[in-house]
Amino acid sequence: MSPPPRKVLLTSVCRPFGEAVGDADSVGYELLFCQVTRAQGAFSPRSHHIHFSLEYLAENLDCPAVTLQYPSRRELVRELRRGYDVVGVSFVLATYHRMKETVALIRKHAPEAEIVLGGYGTVLDDAMLTPYGDHICREEGVAYLRKLLGQPPLQKPYRHPLISNPLRIFGQEISRTGIVIAGLGCPHACDFCCTSHFFKRKHIRLLPTGRDIYRVVKRYLDRDADSAILIIDEDFLMNRKRAMEFRDCVQEGGVPLGVFAFASVRAISQYTVTEILEMGIDGLWIGYEGARSGYAKQQGRPVGEIFREFRDHGISILASMIVGLPYQTPEIIQEELDGLLDLRPDFGQFLIYGPTPGTPFFDRVLRENLMHPEFAGDKELYCRKASGFYAMVQHPTMQPAEIEGWQRRCFEEDYRRLGAGIYRAVDTMLLGYLKLKDSPSAFFRAKAASLARMVRKAYPAFLPGKLLGPSERARAAVADLERRAHEALGAPTVWE
Ligand code: SF4
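Under the working numbering, think of the first position of the sequence shown as 421, with each following residue one higher.
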């Protein structure tokens, strides 16, 4: 007789978060408001980013599994009292201290349960983790957990849960995004990149083919035809065969999508903008990093050419830049920031070059003794501050306060010069509408109609942008956008 199935609880660390309760500025809970659009106040879109991985793991176990996303301590204790054999805790470096609190509650209220630590926080060494976990998952989680629980291996594609993330602007829900977990890891091996080195610089295709990805997308669309889609894959466009098969499926489906994905310049350079649009992509996160940073992933078409062409075709870009790279001086940061802002990304993220265990940069920091003493001597403090908002490493020419000051300045200048990201994104949609509305392709005309609906939906948001934007230039840009939108799509109705 086989043993009875074990009951599994999978939880993130407990809320609340924030500087007021001793956390770093951003711990991934609200990636937009706390990180990307942190300087934009009320103009920031709001969306909570749960640990999608926990839902994914639960879906792929053959035993009862419950998930908790950022529970309060009381909610966690209440759930623990229901009795669990195994409790998985997911955390990142910056929530290491919260993991310890969570584990203490588990030990107290479910002393018999085995604890499994997972998430990117497990890049820490055993000495920092074994006191808190009976098991440490440092690999792809489904295979790991099934093996631990004595369940037979699953073939990929694994089962995929439907997870929808609402996005609010000015307190109103404006869209829901279906999360598609397509892959883990990345072969580009940038020296600072935790996720790439965590998976040994390999790309793990959780959804092996383009058709597998589309099947999940289709399930979201069947549930909600207006659902936006986020494909989680570090460099979705790198595998051309898979991406082009996805495009074929989207074209067979004939319905324009709103897909946001992550892609490098190198991967993007394998496609024409038409091919990318045919995949339903209308938003990309691109690592700009720094004009002189020289990462292999940046080889390909000139970045300015890509940004301009994509914007002109209605593809929004979230560009991320690194501050504090060894070659950067204040003058170079300013020059690189100017270069990036000239390309008018819809959103910009600016994080400090930071060392994460398991990466070549971290190894170099240890080898050359570059960690500032306050962090080198206090690993807990290092973890707490490992959020991309603290300069932890000696820089050839700049002091930590100077680097952190430049980071703030980058966020502020991005906002002051280009205005709030929400208006920049609407502007890109309007450009896309104008470009595609008369296309000979019915698919693109349908996409244009969908972009037009989204621009019209933004009509009521123009007024606060015109009145309260961060600078005269930004306020004028919203007024100009409003004028062009009305000219292209008509004046607002009484309801708008
Ligand atoms: S391209 Fe992005 S995901 Fe890939 S290694 Fe570089 S930073 Fe990491």
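Note that CB positions come from ideal geometry on N, CA and C, so glycine has one too.
Since we're looking at a predicted model, the values are computed, not measured.
In chain order, what residues of the same chain have a beta carbon less than 7 Å from the beta carbon of E729, not counting five sequence neighbours either side?
V693
Point to revise | Close-in-space but distant-in-sequence residues of the same chain around R895 (CB under 6 Å, 5 per side omitted) | key: K886 and G889
Cut-off 8 Å between Cβ atoms - residues of its own chain near F656, not counting five sequence neighbours on either side | A602, G603, A663, A681, F682, A683 and A687
Measuring CB to CB, does F727 end up less than 8 Å from L771? no
Near the ligand SF4: A739 beta-carbon under 7 Å from a heavy atom = no
* Asked: Can K576 and L626 be called in contact, C-beta distance under 8 Å?
  -> yes
*Helix, strand or coil: which one does DSSP assign to G538?*
strand
- Task: Under 8 Å by Cβ, that's how I've got G852 and H733 pegged, so tell me the actual separation to the nearest angstrom.
- Result: 6 Å
Cβ-Cβ separation, T776 to A806 (assumed contact under 8 Å), whole Å | 7 Å
### Query
Using DSSP with H/G/I as helix, E/B as strand and the rest coil, what is E499?
helix
What are the partner residues of W705, as DSSP defines its beta bridges?
-> F682 and L738
Report task. Buried or exposed for R667, please, with buried defined as at least 16 other CB atoms from any protein chain shown within 10 angstroms of its CB. Result -> buried
Review point. So V507 packs on A530, CB below 8 Å; how close in whole Å?
Key: 6 Å
Considering only the alpha carbon of each residue, which of F619, P586, Q571 and G591 lies closest to Y540? F619
query: What do you reckon, are the CB atoms on G710 and L745 nearer than 8 Å?
result: yes
Using CA atoms only, rank isn't needed, just tell me which of L871, I535 and V813 is closest to K427. I535
Beta-carbon spacing of R635, E665 below 8 Å = no
Exercise. Write down the C-beta distance between E499 and C434 rounded to the nearest angstrom, noting that I regard them as a contact closer than 8 Å.
Key: Between C434 and E499 the Cβ distance is about 11 Å, and since that is not below 8 Å, they are no contact.
**Extent of the continuous beta strand (DSSP E) to which V507 belongs** = V506 to S510
Next on the checklist: By the DSSP assignment, the beta strand (DSSP E) with R588 in it spans what residues?
Outcome noted: S584 to I589
Just to confirm before moving on: does the CB-CB distance between V743 and Q827 stay below 8 Å? yes
inquiry  = Suppose contacts are defined by Cβ-Cβ distances below 8 Å. Is L761 in contact with R837 by that definition?
reply    = yes
Starting from G598, follow its DSSP beta bridges and name the residues at the other end.
S584 and I649
Cβ contact (3+ pairs, closer than 8 Å) linking the region 633–649 and the region 791–804: no
Taking 7 Å as the cut-off, does the CB of S713 come closer than this to any heavy atom belonging to the ligand SF4?
no
For the ligand SF4, is there a heavy atom less than 7 Å away from the beta-carbon of S584? no
Open item on the list: Residues around the ligand SF4, please: the condition is that the C-beta lies closer than 6 Å to some non-hydrogen atom of it.
Closed with: C606, H608, A609, C610, C613, T615, S616, E654, D655, S684, G707 and K717
**Study point:** Beta-carbon separation (whole angstroms), E496 vs T431, contact threshold 8 Å
**Key:** The sequence given here places Leu at residue 496; Glu does not occur at that position. Rounded, the Cβ-Cβ distance is 6 Å, consistent with contact.
With distances taken between CB atoms, is the gap from F472 to I583 smaller than 8 Å?
yes
Based on Cα-Cα distance, which residue from N585, H555 and H608 lies nearest to G598? N585
Near R865, which residues of its chain fall below 6 Å by C-beta distance, leaving aside the five closest residues on each side in sequence? S859
From the DSSP output, in three-state form, read off I753 for me.
helix
Worksheet item: With 16 other CB atoms within 10 Å as the buried threshold, where does Y747 fall?
Response: exposed
* Asked: In the DSSP assignment, what are the bridge partners of V813?
  -> M791
Given that a residue counts as buried once 16 or more other Cβ atoms are within 10 Å of its Cβ, and exposed if not, what is R458? buried
Could you give the distance in angstroms between the alpha-carbon of V785 and the alpha-carbon of V813? 7 Å
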